[in-house]
Structures are given as C-alpha cells and as structure tokens.
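Before any comments, here is the structure.
Residue numbers (full-length UniProt numbering): 1 to 82.
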C-alpha cells in the first residue's frame, strides 16, 4: 500500500474516532471503522515484517549477528548471497 493510501486510511480512522467522541456512530460507520482498523493493522504488519526481513544486525565490533531465521528469509528472497 502506497504511503498516500495509508495516510488516507489513517485520516478516515481519525475522522471516525473524533466523531465517536462527539456523538454515537451509526452502525454503518462502526462497521467501516472496524474494517479500516483491520486494513491498517494488516498493512502495518506487512510493512513491519518487510523491514525486519531486510535488516542486518551487527555487534559492537562490527561482526554481523543477524539471526539465522532472518538470514534464511533473505536468502530465499535473493537479498543475501552467503
């Protein structure tokens, strides 16, 4: 999901949150809010997983200590050549 799409999603979630503080949401709005939150969490998790899969971890001496599980995923995606 593009950043602008994520921003639109967040904007609408916030609009519904502000409205919910001021007045009761309709059933349609409650369903929309639930769906938007689910989409947001799904996209957030996908993005976070992607970031973790791309990371490399180094200790203080500069030696790579990336967990083997992450290395295996990176090899599978062709990111890592070792």
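Just so it is clear, CB atoms sit at the ideal spot from N, CA and C, and this is done for glycine as well. From a predicted model like this one, the values you see are computed outputs, not experimental measurements.
Taking the continuous alpha helix (DSSP H) assigned at residue 74, which residues delimit it?
68 to 76 is the extent of the alpha helix (DSSP H) around residue 74.
Under 8 angstroms by Cβ, that's how I've got residue 57 and residue 65 pegged, so tell me the actual separation to the nearest angstrom.
Right, their Cβ atoms sit about 5 angstroms apart.
In angstroms, rounded to a whole number, what distance separates the CA positions of residue 10 and residue 40?
Taking the straight line joining both Cα atoms gives about 8 angstroms.
In this structure, what does DSSP give as the bridge partners for residue 64?
Answer is 58.
Report the rounded CA-to-CA distance for residue 44 versus residue 35, giving the unit in angstroms.
Answer to the nearest angstrom: the Cα atoms are 14 angstroms apart.
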